[in-house]
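K.L.:
In order, the protein sequence lines correspond to chains A and B.
Residue numbers for the first sequence follow the numbering used here, so the first one is 1 and each next one is one higher.
Residue numbers for the second sequence follow the numbering used here, so the first one is 1 and each next one is one higher.
Heads up, the beta-carbon is just placed ideally off N, CA and C, and yes, glycines get one too.
Since the structure is predicted, the reported quantities are computational estimates derived from the model, not experimental observations.
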Amino acid sequence: MNDLTTGETAPPEKPQPRITKCAAPYWQHAKDEKLVLPYCGECEASFYYPRLWCPTCFNQDISWKQLSGKGKVYSYSVIYQSPLASYQGDVPYVLAIIELDEGPRMMANVLNCDVDTVSVDMAVEVLFEARGDMKIPQFQPAK
Amino acid sequence: MAKLNPVAIAAVSEMKPGRYPEMDGYDLYIEVIRQFLAEWSLKPTDIQGLLACPSGMAGGGSNDIFVHEQLYEEMGIKPLFADTMNAGGSTYGLMVQRAVLAIQQGKVDSVLCVGAGKFPKVSTGGAESMARMVSHEIYEFPYGTFIPALYAQVATRHMHEYGTTVEQLAEVCVSSREWALLNPDASMYGSEALSVEKVRQSRPIASPFNLYDCSIPLEGGAAFLVCSEAFAKRINQQPAYVLGMGEFHNHRNIHQAASLTDIGCSKSGQQAYAMAGLSPSDIDFAEIYDAFSINPLVFMEELGLCPQGKGGEFFQSGAAKPGGDFPVNTFGGLLSFGHTGDASGMSMIVEGIRQIMGIAGERQLDKANAGIVHSYGGMMSEHSTLILGRSA
Numbered sequence: 001m002n003d004l005t006t007g008e009t010a011p012p013e014k015p016q017p018r019i020t021k022c023a024a025p026y027w028q029h030a031k032d033e034k035l036v037l038p039y040c041g042e043c044e045a046s047f048y049y050p051r052l053w054c055p056t057c058f059n060q061d062i063s064w065k066q067l068s069g070k071g072k073v074y075s076y077s078v079i080y081q082s083p084l085a086s087y088q089g090d091v092p093y094v095l096a097i098i099e100l101d102e103g104p105r106m107m108a109n110v111l112n113c114d115v116d117t118v119s120v121d122m123a124v125e126v127l128f129e130a131r132g133d134m135k136i137p138q139f140q141p142a143k
Numbered sequence: 001m002a003k004l005n006p007v008a009i010a011a012v013s014e015m016k017p018g019r020y021p022e023m024d025g026y027d028l029y030i031e032v033i034r035q036f037l038a039e040w041s042l043k044p045t046d047i048q049g050l051l052a053c054p055s056g057m058a059g060g061g062s063n064d065i066f067v068h069e070q071l072y073e074e075m076g077i078k079p080l081f082a083d084t085m086n087a088g089g090s091t092y093g094l095m096v097q098r099a100v101l102a103i104q105q106g107k108v109d110s111v112l113c114v115g116a117g118k119f120p121k122v123s124t125g126g127a128e129s130m131a132r133m134v135s136h137e138i139y140e141f142p143y144g145t146f147i148p149a150l151y152a153q154v155a156t157r158h159m160h161e162y163g164t165t166v167e168q169l170a171e172v173c174v175s176s177r178e179w180a181l182l183n184p185d186a187s188m189y190g191s192e193a194l195s196v197e198k199v200r201q202s203r204p205i206a207s208p209f210n211l212y213d214c215s216i217p218l219e220g221g222a223a224f225l226v227c228s229e230a231f232a233k234r235i236n237q238q239p240a241y242v243l244g245m246g247e248f249h250n251h252r253n254i255h256q257a258a259s260l261t262d263i264g265c266s267k268s269g270q271q272a273y274a275m276a277g278l279s280p281s282d283i284d285f286a287e288i289y290d291a292f293s294i295n296p297l298v299f300m301e302e303l304g305l306c307p308q309g310k311g312g313e314f315f316q317s318g319a320a321k322p323g324g325d326f327p328v329n330t331f332g333g334l335l336s337f338g339h340t341g342d343a344s345g346m347s348m349i350v351e352g353i354r355q356i357m358g359i360a361g362e363r364q365l366d367k368a369n370a371g372i373v374h375s376y377g378g379m380m381s382e383h384s385t386l387i388l389g390r391s392a
């Protein structure tokens with residue numbers, strides 16, 4: 001999109017996730033900046049990503065539970081060239097697998113730090129990044 | 001389990017990996033089959049079954065999900081067993097396994113397994129469409145995924161758990177290049193030898209990978225004929241027997257893998273060893289799908305060919321190189337032979353077959369009685385292990 005006042009081209013928007021029916025509560029809570037995941041009462045465990053039954057015991061009676069938002073880096077990579085035009089301005093950026101304190105792992109970027117300071121087991125905490133009218137969970141070094 | 005009838009691969013052919021702008025995926029398919037038939041003096045009527053894979057996947061907008069129908073019609077045959085199947089890089093290993101079952105069931109005596117691949121240029125949106133294809137649309141892709149960075153999760157974790165170094169990763173690339181220099185069909189044949197320093201000095205892509213830690217995107221294709229023993233012997237006195245096979249489907253998205261250092265390969269490997277009645281010490285060489293430098297290192301461990309956590313030391317020792325104790329990726333690997341997109345899972349099987357047949361030219365191994373071929377699809381998601389041998 002061209003900005004008519006400066007003539008500069010705005011970078012394309014970063015991808016906005018598609019909301020599936022079973023994940024609607026996850027995204028609704030994310031909009032309120034809360035990390036809320038499906039919870040299996042049988043396993044007494046949260047799981048990621050949202051789906052219709054517990055991936056461990058297959059129980060379909062799922063509730064939702066807010067997590068601490070704390071975790072650590074399980075693994076990561078620093079990306080020096082991105083295939084996504086919307087991420088080109090961010091290189092180098094960190095693509096990581098985060099292990100939440102409650103157990104589940106999820107993929108996210110590690111933000112608000114020098115990429116060279118990221119390491120496996122580094123403590124991180126959730127923050128939320130706007131994507132259109134949604135917000136997605138991201139992580140930054142724990143304070 | 002009752003001893004099943006032996007099945008062997010009797011004929012094999014592969015196009016030289018390159019860029020073929022004048023050919024689309026289907027043209028490549030037909031050229032692969034033409035070369036295969038000419039090289040082995042076979043006729044389409046020698047093909048009783050046909051397994052093919054969509055060739056346009058990496059280019060996005062695949063319109064050839066029924067490619068087997070077009071191929072058998074164009075060849076002029078009416079097979080008793082045919083399908084288009086897709087399991088990423090493990091497609092062709094699984095084709096062998098499906099063909100073996102069909103032949104042992106007595107459905108057919110021969111199955112042509114064929115693949116052709118176009119690889120979009122990374123700079124023309126190809127990398128984005130591929131990242132979209134192999135990462136979860138909702139829970140991964142919005143975070144700016146990139147194929148090297150997804151594989152890098154496995155490498156970073158291996159380095160953390162076992163102390164593997166970037167220099168040891170580079171040794172995998174150095175070893176593959178040495179083999180490629182012996183293979184006239186390899187894209188890097190005639191190029192310079194690599195060194196650990198050169199790999200480390202190449203530009204960073206996604207840590208810990210630099211450019212030379214990544215395979216070379218090209219185009220090509222291959223075909224081979226899986227046969228009952230009697231049918232195979234009519235074509236080739238030294239076919240490659242399928243002694244063992246195993247498959248395991250572990251996850252789809254890399255963040256969902258329960259472990260990044262036990263990723264499912266050991267399960268398919270154990271099945272293959274058990275079926276063959278062989279152990280890792282009986283294996284003479286390995287051909288392993290190597291989209292990135294980390295792959296052979298991890299799979300050597302999971303296949304029990306070196307101790308867990310010692311894959312880095314194994315490659316550093318030089319054992320995998322020409323003249324080494326345990327040759328790995330004797331065709332040059334996807335790292336130096338070339339990665340032919342949707343057909344990439346063919347190249348390590350083709351080489352395993354050629355080594356067993358004894359037709360690998362200058363790089364032919366002195367000892368090639370039994371070899372292991374491992375390929376996988378997705379983000380090391382689903383696995384195929386084959387053990388090939390000279391006698392049933």
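Strictly under 9 Å for the Cβ-Cβ distance: is His-136 of chain B near chain A by that measure?
P.N.:
Numbered from 1 along the second sequence, position 136 holds the residue referred to as residue 136 of chain B. Yes, His-136 of chain B lies at the interface with chain A (some Cβ there is under 9 Å from its Cβ).
K.L.:
Take Thr-45 of chain B and list the residues in its own chain whose beta-carbon comes closer than 8 Å to its own, dropping the five residues that flank it on each side.
P.N.:
For the purposes of this step, residue 45 of chain B is taken as residue 45 along the second sequence, with counting starting at 1. So the qualifying residues of the chain are Ile-77.
K.L.:
With 7 Å as the C-beta to C-beta threshold (strictly closer), list the residues of the segment 251-274 of chain B near chain A in chain order.
P.N.:
From the segment 251-274 of chain B, only His-255 and Leu-260 have a Cβ closer than 7 Å to chain A.
K.L.:
I need the straight-line Cα distance from Ser-191 of chain B to Ala-108 of chain A, nearest angstrom please.
P.N.:
Indexing the second sequence from 1 puts residue 191 of chain B at position 191. Indexing the first sequence from 1 puts residue 108 of chain A at position 108. Going from the Cα of Ser-191 of chain B to the Cα of Ala-108 of chain A covers about 39 Å.
K.L.:
Residues of chain A with a CB under 8 Å from the CB of Gly-220 of chain B: which are they?
P.N.:
Locating residue 220 of chain B in the second sequence gives position 220, where the first residue counts as 1. Under the 8 Å cutoff, chain A gives no residues; its nearest Cβ is about 23 Å from Gly-220 of chain B.
K.L.:
I'd like the ranges of any beta strand (DSSP E) spanning at least 3 consecutive residues and lying wholly in the segment 225-294 of chain B.
P.N.:
You should have 240-249 and 285-288.
K.L.:
Strictly under 9 Å for the Cβ-Cβ distance: is Thr-165 of chain B near chain A by that measure?
P.N.:
By 1-based counting over the second sequence, the position of residue 165 of chain B is 165. Not one chain A Cβ lies under 9 Å of Thr-165 of chain B.
K.L.:
Buried or exposed for Arg-203 of chain B, going by 16 or more other Cβ atoms inside 10 Å?
P.N.:
Stepping through the second sequence from its first residue, residue 203 of chain B is reached at position 203. That one is exposed.
K.L.:
Is the Cβ of Gly-60 of chain B closer than 9 Å to any Cβ of chain A?
P.N.:
As a position in the second sequence, residue 60 of chain B is number 60, starting the count at 1. Note on Gly-60 of chain B: pLDDT 46, under 50, position unreliable in the model; the coordinate value appears next. No, its Cβ sits nowhere closer than 9 Å to a Cβ of chain A.
K.L.:
Could you tell me whether the Cβ of Arg-412 of chain B comes closer than 9 Å to any Cβ of chain A?
P.N.:
Lying before the first or after the last residue shown, residue 412 of chain B is absent from chain B, which here runs from 1 to 392.
K.L.:
Assuming Trp-64 of chain A is part of the beta strand (DSSP E), what are its boundary residues?
P.N.:
Against the first sequence, residue 64 of chain A aligns to sequence position 64. From DSSP, the beta strand (DSSP E) with Trp-64 of chain A extends over 62-66.
K.L.:
Could you tell me whether the Cβ of Ala-127 of chain B comes closer than 9 Å to any Cβ of chain A?
P.N.:
Mapped onto the second sequence, residue 127 of chain B falls at position 127. With 9 Å as the cut-off, Ala-127 of chain B counts as an interface residue toward chain A.
K.L.:
For the beta strand (DSSP E) containing Ser-77 of chain A, name the first residue and the last one.
P.N.:
Locating residue 77 of chain A in the first sequence gives position 77, where the first residue counts as 1. Per DSSP, Ser-77 of chain A belongs to the beta strand (DSSP E) from 70-79.
K.L.:
I want to see whether chain B comes within less than 9 Å of Tyr-93 of chain A, judged by CB atoms only; does it?
P.N.:
If you number the first sequence from 1, residue 93 of chain A lands on position 93. It does: the Cβ of Tyr-93 of chain A has a partner Cβ on chain B nearer than 9 Å.
K.L.:
Beta-carbon of Pro-83 of chain A versus every beta-carbon of chain B: anything under 9 Å?
P.N.:
Walking along the first sequence from the start, residue 83 of chain A turns up at place 83. With 9 Å as the cut-off, Pro-83 of chain A counts as an interface residue toward chain B.
K.L.:
How would you label Asp-64 of chain B, buried or exposed, when you count the other beta carbons within 10 angstroms and need 16 or more for buried?
P.N.:
Translated into positions along the second sequence, residue 64 of chain B becomes position 64. Burial call: buried.
K.L.:
What residues from chain B crowd round Ile-97 of chain A, counting only those whose CB sits closer than 7 Å?
P.N.:
Within the first sequence, the letter at position 97 stands for residue 97 of chain A. Near Ile-97 of chain A (Cβ distances below 7 Å), the residues of chain B are Gln-153 and His-255.
K.L.:
Can you pull out the residues from the segment 26-59 of chain A whose beta carbon lies closer than 7 Å to at least one beta carbon of chain B?
P.N.:
Listed by position, the residues of the segment 26-59 of chain A near chain B (Cβ gap below 7 Å) are Tyr-49.
K.L.:
Taking only the alpha-carbon atoms, compute the straight-line gap between Ser-375 of chain B and Pro-17 of chain A and give it to the nearest angstrom.
P.N.:
Numbered from 1 along the second sequence, position 375 holds the residue referred to as residue 375 of chain B. Numbered from 1 along the first sequence, position 17 holds the residue referred to as residue 17 of chain A. For Ser-375 of chain B and Pro-17 of chain A, the distance between alpha carbons rounds to 31 Å.
K.L.:
So, using beta-carbon positions, are Ala-272 of chain B and Met-300 of chain B closer together than 9 Å?
P.N.:
As a position in the second sequence, residue 272 of chain B is number 272, starting the count at 1. As a position in the second sequence, residue 300 of chain B is number 300, starting the count at 1. Cβ atoms of Ala-272 of chain B and Met-300 of chain B: not closer than 9 Å.
K.L.:
Where does Cys-173 of chain B sit, in a helix, a strand or coil, going by DSSP?
P.N.:
Taking the second sequence and counting its residues from 1, one reaches residue 173 of chain B at position 173. If DSSP states are grouped into helix, strand and coil, Cys-173 of chain B belongs with the helices.
K.L.:
Using a Cβ distance threshold of 8 Å, determine whether the segment 161-181 of chain B contacts the segment 126-142 of chain A, with at least three qualifying pairs required.
P.N.:
No, the segment 161-181 of chain B does not touch the segment 126-142 of chain A.
K.L.:
Compare the C-beta of Gly-144 of chain B against all C-beta atoms of chain A and say whether one is closer than 9 Å.
P.N.:
On the second sequence, residue 144 of chain B is found 144 positions in, with the first residue counted as 1. Gly-144 of chain B counts as touching chain A.
K.L.:
Less than 6 Å between C-beta atoms, sequence neighbours within five positions excluded: which residues of the same chain meet that for Ser-293 of chain B?
P.N.:
The sequence position of residue 293 of chain B within the second sequence is 293, counting from 1. If we look at Ser-293 of chain B and ignore the five residues flanking it on each side, its Cβ neighbours are Leu-169, Val-172, Cys-173 and Asp-213.
K.L.:
Can you tell me the Cβ-Cβ gap for Ala-38 of chain B and Asn-236 of chain B, rounded? I've got them flagged as a contact below 8 Å.
P.N.:
Here the question's residue 38 of chain B lines up with position 38 in the second sequence. Here the question's residue 236 of chain B lines up with position 236 in the second sequence. Contact flag wrong, Cβ pair sits at about 16 Å.
K.L.:
Using the C-alpha atoms, what's the distance from Val-154 of chain B back to Gln-140 of chain A?
P.N.:
Counted from its first residue, the first sequence places residue 140 of chain A at position 140. Counted from its first residue, the second sequence places residue 154 of chain B at position 154. Roughly 21 Å between the two C-alpha positions.
K.L.:
How is Arg-157 of chain B classed by DSSP in three states: helix, strand or coil?
P.N.:
Position 157 of the second sequence holds residue 157 of chain B. If DSSP states are grouped into helix, strand and coil, Arg-157 of chain B belongs with the helices.
K.L.:
Here's the rule I'm using: 16 or more other beta-carbon atoms within 10 Å means buried, otherwise exposed. How should Cys-57 of chain A be labelled?
P.N.:
If you number the first sequence from 1, residue 57 of chain A lands on position 57. Flag for Cys-57 of chain A reads exposed.
K.L.:
Give me the DSSP bridge partner(s) of Arg-131 of chain A.
P.N.:
The residue you call residue 131 of chain A lines up with position 131 of the first sequence. The partner list for Arg-131 of chain A (beta bridge, DSSP) reads A:Met-134.
K.L.:
For the segment 9-34 of chain B, which segments carrying the alpha helix (DSSP H) assignment without a break, of at least 4 residues, lie completely within its bounds, in sequence order?
P.N.:
Runs of the alpha helix (DSSP H) inside the segment 9-34 of chain B: none found.
K.L.:
Determine contact between the segment 22-31 of chain A and the segment 43-62 of chain A, defined as no fewer than three beta-carbon pairs at a distance below 8 Å.
P.N.:
Yes, they touch.
K.L.:
I'd like to check one pair, Arg-105 of chain A with Pro-255 of chain B: are the Cβ atoms closer than 9 Å?
P.N.:
Locating residue 255 of chain B in the second sequence gives position 255, where the first residue counts as 1. Locating residue 105 of chain A in the first sequence gives position 105, where the first residue counts as 1. For the sequence presented, residue 255 of chain B should be read as His rather than Pro. The answer is yes: Cβ separation under 9 Å.
K.L.:
Between Val-78 of chain A and chain B, is the shortest Cβ-Cβ distance under 9 Å, so that the two count as touching?
P.N.:
Locating residue 78 of chain A in the first sequence gives position 78, where the first residue counts as 1. Chain B, which has a Cβ nearer than 9 Å to the Cβ of Val-78 of chain A, makes this yes.
K.L.:
Do Ala-8 of chain B and Tyr-241 of chain B count as a contact pair if the criterion is CB distance below 9 Å?
P.N.:
Here residue 241 of chain B refers to the residue found at position 241 of the second sequence. Here residue 8 of chain B refers to the residue found at position 8 of the second sequence. Cβ distance < 9 Å, so Tyr-241 of chain B and Ala-8 of chain B count as in contact.
K.L.:
Identify the continuous beta strand (DSSP E) that holds Ser-110 of chain B and give its terminal residues.
P.N.:
The residue labelled residue 110 of chain B in the question sits at position 110 within the second sequence. Its beta strand (DSSP E) spans residues 110-117.
K.L.:
Can you name the start and end residues of the alpha helix (DSSP H) that Ile-356 of chain B belongs to?
P.N.:
Locating residue 356 of chain B in the second sequence gives position 356, where the first residue counts as 1. That run of the alpha helix (DSSP H) goes 344-357.
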